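Residue numbering for the sequence shown follows the numbering used here, starting at -15 and increasing by one per position.
Just so it is clear, CB atoms sit at the ideal spot from N, CA and C, and this is done for glycine as well.
All values reported here derive from a predicted model rather than from experimental measurement.
Worksheet for the structure shown next.
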Amino acid sequence: MSCKRVPSPIALALVLAMLSLAALSGMADMAAFAQKLASDPFTADRLKMVETQIFARGIEEENVLEAMRSVPRHLFVPEKLRDQAYVDSPKRIGSGQTISQPYMVALMTALLNLEGGERILEIGTGSGYQAAVLSKMGAIVYTIEIREELGKQARETLDRLEYRNIHYRIGDGYQGWPEEAPFDAIVVTAAPPEIPERLVEQLEVGGRLVIPVGRYFQDLIVVTKRKDGVTKQRVAAVRFVPMVTDID
Ligand code: SAH
């Protein structure tokens, strides 16, 4: 896989500065980071994405910001769209599906309230990017994709990048993953017309389901499971691809 981009002068200057600093102080960590900057020409774009699209819009959870600074989003979009991977919008990933806008991934992830170590069910693997962010945050991820070609490709990407704590299933997310339930949190990245009861059933008491709901007009909803029922909080108006039961 060739990468035609050249690092920006700012990134290069940063690399040089860090390499000399590392040489001076003998800090192996700093040298490793500088090497990473040099080997990934999108690093500067990614850091800027987190500052301007995510932190600037009020997402301050450091674990979310750190994960999004580190996951190479450009490797989750088709090769010809790599240059656009860090712009402020969703991108097509094939089969009529999209990788969500960076801010939406950050918002949904922040709403899950993760500390690390949680078992999370994701419906709609898509490109695998959201799964990578969750995995980077220390979660154990169970992800379901209804379109086999997308699920397979996402798995290849995630395996290649060595995200190991992810379990994959090709199938209908409306059923959830009953053998592995209950989950500490569930995130749905396609919109069903109603909140699927099956998914609420597979949530641990105290756990959260973050889900876009609606047909054309959709709301992002946080459902929190209580001992005696659920509470629902509407967060924002959103636009996701539909959650389907069948593919043609
Ligand atoms: N989380 C993804 C976003 C993918 S878009 C990412 O980070 O890239 C939503 C995905 O949900 C699509 O890939 C679509 O095929 C999938 N999907 C739609 N209905 C589904 C269902 N019933 N079960 C599982 N996946 C579904």
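Proximity of the stretch 179 to 197 to the stretch 124 to 132 falls short of the contact definition, fewer than three beta-carbon pairs being nearer than 8 Å. According to the DSSP assignment, L187 belongs to the beta strand (DSSP E) that extends over 187 to 197. Relative to K209, the option among V222, F167, P177 whose CA is nearest is F167. For R103, there is no enclosing alpha helix (DSSP H); the enclosing beta strand (DSSP E) covers residues 103 to 107. Judged by DSSP in its simplified three-state form, E178 adopts coil rather than helix or strand. For the options E102, Y152, E140, Y147, the alpha carbon positioned closest to that of E129 is the one of Y152.
CA-CA distance, R182 to V55, rounds to 31 Å.
Counting along the chain, no alpha helix (DSSP H) covers V55, and no H or E run does either. Per DSSP, K75 is not a residue of any alpha helix (DSSP H); the beta strand (DSSP E) it occupies stretches across 75 to 78.
Beta-bridge partners assigned by DSSP to A221: D203.
Annotated three-state conformation of K120 is helix, per DSSP. The criterion of a C-beta distance shorter than 7 Å is satisfied by A175 and Q202.
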